[in-house]
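One structure is given below, encoded as structure tokens.
2 protein chains.
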Amino acid sequence: MTELADRAAGPTRTTAAPAPSAAQAPSAAPAGAVQPAVDVAALGEQLLGRWAEIRRHARALAARPELHKIEGLTHTEHRTRTFGQLKVLVENDAVHRAFPASVGGSDDHGGNVAGFQELVIADPSLQIKAGVQWGLFGSAVNHLGTEEHHTRWLPGIMSLDIPGCFAMTETGHGSDVGSIATTATYDPATGEFVVHTPYRAAWKDYIGNAAADGLAAVVFAQLVTRGVNHGVHAFYLDLRDPETREFLPGVGGEDDGVKGGLNGIDNGRLHFTNVRIPRTNLLNRYGNVAADGTYSSPIDSPGRRFFTMLGTLVQGRVSLDGAAVTASKLALKTAIQYATERRQFSASSRTEEEVLLDYQRHQRRLFTRLATTYAASFASEQLLQKFDDVFSGRHDTDADRQDLETLAAALKPLSTWHALDTLQECREACGGAGFLIENRFASLRADLDVYATFEGDNTVLLQLVAKRLLADYAKEFRNVNFGVLARYVVGQATGAAIHRTGLRGVAQFVADSGLAQKAALAIRDEASQRALLTDRVQTMVAEAGSALRGAGRLPQDKGAALFNSHQNELIEAAQAHAELLQWEAFTEALGKVADPGTRVVLTWLRDLFGLSLIEKNLSWYLMNGRLSMQRGRTVGRYINRLLAKIRPHALDLVDAFGYGPEHLRAEIATGAEKARQDEARDYVRTRRASGQAPVDEKNLPARTAPEQKAPRG
Amino acid sequence: MTELADRAAGPTRTTAAPAPSAAQAPSAAPAGAVQPAVDVAALGEQLLGRWAEIRRHARALAARPELHKIEGLTHTEHRTRTFGQLKVLVENDAVHRAFPASVGGSDDHGGNVAGFQELVIADPSLQIKAGVQWGLFGSAVNHLGTEEHHTRWLPGIMSLDIPGCFAMTETGHGSDVGSIATTATYDPATGEFVVHTPYRAAWKDYIGNAAADGLAAVVFAQLVTRGVNHGVHAFYLDLRDPETREFLPGVGGEDDGVKGGLNGIDNGRLHFTNVRIPRTNLLNRYGNVAADGTYSSPIDSPGRRFFTMLGTLVQGRVSLDGAAVTASKLALKTAIQYATERRQFSASSRTEEEVLLDYQRHQRRLFTRLATTYAASFASEQLLQKFDDVFSGRHDTDADRQDLETLAAALKPLSTWHALDTLQECREACGGAGFLIENRFASLRADLDVYATFEGDNTVLLQLVAKRLLADYAKEFRNVNFGVLARYVVGQATGAAIHRTGLRGVAQFVADSGLAQKAALAIRDEASQRALLTDRVQTMVAEAGSALRGAGRLPQDKGAALFNSHQNELIEAAQAHAELLQWEAFTEALGKVADPGTRVVLTWLRDLFGLSLIEKNLSWYLMNGRLSMQRGRTVGRYINRLLAKIRPHALDLVDAFGYGPEHLRAEIATGAEKARQDEARDYVRTRRASGQAPVDEKNLPARTAPEQKAPRG
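The listed protein sequences correspond, in order, to chains A and B. The numbers in the working numbering rise by one with no breaks, and the one at position 391 of the first sequence is 386. The numbers in the working numbering rise by one with no breaks, and the one at position 668 of the second sequence is 663.
Structure (structure tokens):
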């Protein structure tokens, strides 16, 4: 954990000292010494992580048919069903863990999210609708409100008596929350805020619970008092009459209609025409307005205040990260199970057809994604622990919060994109059967599509990470001693072909470990993988940092243009950083594997992950002189060898995910394919034995009987 | 055309002589000499291609509301609507062009497919359902049947009086058609075939029109007569009673249910229990059974006969290729239009927010896909012309048919995967709005998903291409003279770092043009791009061919294992070959652009395509010594410069696709975003002018008033 948190704080800290787990690295022991074999139960337990019991409970709940998605419903039918399912969650105490003990919760933030992440198994709509109600709407009241707000509203929110909205995003502004245009202007004459939507672009949009179910909302608006705009704050506002379900005066809206997925949720738009709410409806933990209109805040800086209030959003990102990993696991278990049964094309006319999973390409398609899923899973667990550390107050400094933000912003894009990619590859790997809704790939993919852009657009999040990396780089650069700086400049002058960078981290790293040399000689061991992956992040950041130095001193438009001309590289650097975090999480988890046989197999899988990353960016390693041409050519070959090694353990590796038929609910994962093949094989054998089977024309002794040549018109 | 067809025939022919279009290459003229500007109308006309009139007619038809997909229907409602739409197509003579003049068609194969490709605009379900009825079911009767069959069944098929199925795929066998297990055994006693499904895996599956509408089917089955299995043949078989719509005796089946998309089509399963059909229901163009049970065929070899019969399947692949390009165009027009209006985040607090399309990353996401779409579009037109040449009989040798097969097998995978990728990237580039069904990305993506695996699984098709490339390589190698062979062996011994290959084509090419040297010096001009792309295909094929030489002499299982250990490389070689075909098609089209300004812009776009391919495979070029490290580093930078050059012309480039609002039908492509922004801007200006706008807290002169420091609990 500490290791990952450090790493999240910037590239230069990653190499300060090798982590303990690295020292006792499995790849140090010769793999041949022990029998490779996966202890499925033990590995499964490790994957369940710190909140294993809660996950088990959530999986048992998610296995109940009344919580499952029914395919083919209209979106209105689906919405009704999903709302009903939320009540089941309430009845089963599945969604109250994060709330304060004072109102019947258990202040358990990590456990709450762990349970939430598993709900995607039942129906992603159910998961996200629960996320809207308790993770966003309830969470905002909890984190941004004070005691009085908790007492007034949390009980109703927790019991679902008050279904509500998290009304932040506007049609005109999504990920750029600071620019929203809804205003809440304080009127000291009446002691009320006047919430107002100035124009169409400021309508709240894509808001869950807005189209039908929401009785109230936490509305984010620019707080204006005494002629000053104090920035975005959150306000509690009643939307609909609980009896008639009609909008209250001044409130309006419309339905977002059918979406690409998640159609169990009633997303919609909201607008407000001078809606008056009591002053005390301001959720005033980080900013208050006194009766006379005086504004006050425990946080002086408007920028810091804004980011503190938005900090509660991180829970959504942590939740989606884990949910995306869960979906990837479901898909891979189904596709790999099927690929061990399904046969297609025979290598020769005499032998049986090949099992799909014995094809090299099929292995590459599925095992590389399996390796990434393991990495994402271990990283997700670390992120969740970091989240719990912060939200429990155990480690809750400003730096902790910033690290958490950066870590979530790095991992959520990768895991959500990975889930979409994995679901699609698994669907294609199962051919036409993969397209049938009964096998769930297409359904899950449609529902998870929006995970890539909501709760922070993935591209925008990676830019946040890049900015953090740049800031750390700048800080590091200021402290660097002259010798290193000089070397950096020299390095630049001599071109990209030699290993060079001015980052002290890298310089130290090279000096300390002598790994740079080794990296060019070997790519298979843990230390070399780490060296290559770390080096790439650091060098990319250093190069961007160097190119952008002075951007701040340029006129704003020129500075922005300079920044924009490096946007693509910055995003790639952020992605490389996030991949390194995943690799480190996988490696740290490896260090905790007790069973030697499991460790051997899991080391192959970790190596596959590391080498796939290196292969993906091989041109960078070659262009920058990190790998020789000869060495570069070995990467693909070694990956192919790893695929063959992993093949016998593939089923164990997906079984360790711990999902049963009640979770998979995919027709092709039931063994039906094997049964069909056994039936077909028996039929053919019986016919051959009976002598009734026809002879193949190809095998006829005489092929040129005159009548066979007669042309047909 | 000829050029592309030659190239499809194998890598060694591609470089025999530079194509005329290459000689007059636009990049030979300095781009700075003319004003870059797109003649949208002329470019649009060129994109419409040879069947422009038919495409225009089909687009006008597809613009009619009664043919549009209605979102949010249940799959049963959607099926009913789609079936009704087929009648509209019949009434508008939209689907009969390919049928013989003898039954009222016009024997126009290219025109038929061109029109079909545009139908995806209205609703992909409508398109594919029409494809099932006329492109597969009707086509099978047309191409595999004889005069008598045409007279008996084509009129009813054309008029939709006989909705029917193309019952080829079985649950147990998809792309491996040769292994299907349904049998049609001739009984000379009654003069009938007995069609039978021996076991569950042999049920016909994923069959359009099978679940509800199909009254008849062309059933593919192993033809058995006199104790000999003559391989897969096609039989016409009645499925349902036209009055009661019940299955006829011996016929059974079930519904495939909801799918990931295309829910307007009633896919289902069929099985047959000793169903007797008249002998004359065998579609006997390529194989017949006489009354006494004697089998005859104009094609001796069972293998060649099989591939001839399956050759009619190529029409489906050609159709999907073009339809996928159409969908990519729709998505890009919408996303690029929106990106020129939508503003998000400001570079500084003083200036207006940036238009999305001015962000470098956004340009990269959309323009690289725009370039690929142009390449795929021009390649698709060439494929269609080749298809028409063969099916019209103008160029219909065995070699022509094989070239057509290879070309379709190469292009269909790329264009269908590209469409999915483009639809997804465009959806994400439009954020939450992209996820709303009203903007169509998610809907089109769901429907087109299965294009990647039906009508030949993309991975299987690329393997077919790879086998063809290997066969051509082997042929070439046999003819090669000793000197070249020796050089090849020497090259191998000295390692991969030098430019070497034994393929005569390459050797000639290097000698003829001296381009190998130049390729290392420049990457921007057409000749260098061609050299790099061609070289990669040839070298990859040569390497695989060399590694696999002798595989045929090994025991079958060992040979298969050797082949499997190179499967991934072979598929990558096939893909590289297909990409080269697209690049050549784009370049050939460039040579036909008359307007100099258009040619400049289109050359940038073609260069972007070529360089994106080189960047994607940059590690290969570096590892194999084709590009130096320094040169490699310029690729990304040059791509960034191209993006900026293309930016001002992006809207013109998508407007040239020629799709209007009636085709796009996306809310965000209507200019609504711009209208909202204008309204917002006016509001802000008016408020500022009135002096009513609040001051930002950040801009307050005194920030430390005592009440602002009071902490809140």
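Cβ coordinates follow ideal geometry from the N, Cα and C atoms, glycine included.
Quick check: the Cα distance between residue i and residue j, rounded to an integer number of angstroms?
i, j, result
"residue 409(A)", "residue 206(B)", "40 Å"
"residue 265(B)", "residue 247(B)", "6 Å"
"residue 297(A)", "residue 117(A)", "41 Å"
"residue 192(A)", "residue 240(A)", "22 Å"
"residue 650(B)", "residue 36(B)", "9 Å"
"residue 198(A)", "residue 332(A)", "47 Å"
"residue 435(B)", "residue 337(B)", "18 Å"
"residue 681(B)", "residue 687(B)", "9 Å"
"residue 44(B)", "residue 459(B)", "28 Å"
"residue 503(A)", "residue 536(A)", "Note that residue 503(A) scores a pLDDT of 37, beneath 50, so its modelled location is shaky and nothing firm can be said."
"residue 91(A)", "residue 668(A)", "42 Å"
"residue 574(A)", "residue 253(B)", "37 Å"
"residue 696(B)", "residue 227(A)", "20 Å"
Would a C-beta distance cut-off of 8 Å place residue i and residue j closer than the cut-off?
i, j, result
"residue 98(A)", "residue 153(A)", "yes"
"residue 85(B)", "residue 204(B)", "no"
"residue 450(B)", "residue 306(B)", "no"
"residue 131(B)", "residue 80(B)", "no"
"residue 464(B)", "residue 568(B)", "yes"
"residue 394(B)", "residue 577(B)", "no"
"residue 571(B)", "residue 531(B)", "yes"
"residue 258(B)", "residue 63(B)", "no"
"residue 678(A)", "residue 328(A)", "no"
"residue 366(B)", "residue 607(B)", "yes"
"residue 437(B)", "residue 255(A)", "yes"
"residue 231(A)", "residue 145(A)", "no"
"residue 77(A)", "residue 202(A)", "no"
"residue 369(B)", "residue 558(B)", "no"
Kindly indicate which residue of the options has the alpha-carbon position closest to the one of residue i.
i, options, result
"residue 433(A)", "549(A), 213(A), 261(A) and 665(A)", "665(A)"
"residue 194(B)", "211(B), 176(B), 201(B) and 181(B)", "176(B)"
"residue 156(A)", "166(A), 145(A), 199(A) and 211(A)", "211(A)"
"residue 566(A)", "539(A), 165(A), 613(A) and 238(A)", "539(A)"
"residue 124(A)", "647(A), 185(A) and 262(A)", "262(A)"
"residue 302(A)", "139(A), 230(A) and 243(A)", "139(A)"
"residue 691(B)", "224(A), 33(A) and 407(A)", "224(A)"
"residue 326(B)", "57(B), 151(B) and 425(B)", "425(B)"
"residue 376(B)", "599(B), 584(B), 656(B) and 129(B)", "584(B)"
"residue 30(A)", "611(A), 595(A) and 674(A)", "595(A)"
"residue 229(B)", "242(B), 256(B), 135(B) and 580(B)", "135(B)"
Can you name the residues of chain D whose CB is closer than 7 Å to the CB of residue i?
i, result
"residue 324(A)", "Within the model displayed, chain D is absent; protein chains A and B are what it includes."
Can we say the stretch 634 to 652 of chain B touches the stretch 346 to 361 of chain B, given the rule of at least three CB pairs closer than 8 Å?
yes
I'd like to know if the stretch 302 to 316 of chain A and the stretch 269 to 276 of chain A are in contact, where contact means that at least 3 CB-CB pairs between them fall below 8 Å.
no
Inspect the CB distances between the stretch 619 to 628 of chain B and the stretch 275 to 289 of chain B and report whether three or more fall short of 8 Å.
no
Near-chain A residues of the stretch 554 to 565 of chain B - C-beta to any C-beta below 7 Å
555, 559, 560, 562 and 563
Is there contact between the stretch 92 to 112 of chain A and the stretch 41 to 60 of chain A, where contact requires at least three CB pairs shorter than 8 Å?
yes
Report yes or no: do the stretch 407 to 422 of chain A and the stretch 588 to 595 of chain A share at least 3 C-beta pairs separated by less than 8 Å?
no
Using a Cβ-Cβ cutoff of 9 Å, what residues of the stretch 249 to 274 of chain B are near chain A? List them in chain order.
251, 252, 253, 254, 255, 256, 257, 258 and 262
Contact between the stretch 440 to 460 of chain B and the stretch 423 to 430 of chain A (3+ Cβ pairs under 8 Å)
yes
When Cβ atoms are compared, which residues of the stretch 62 to 76 of chain B fall closer than 7 Å to chain A?
66, 67, 69 and 70
Using a Cβ-Cβ cut-off of less than 7 Å, give me the residues of the stretch 658 to 684 of chain A that come near chain B, in sequence order.
671, 672, 674, 675 and 678
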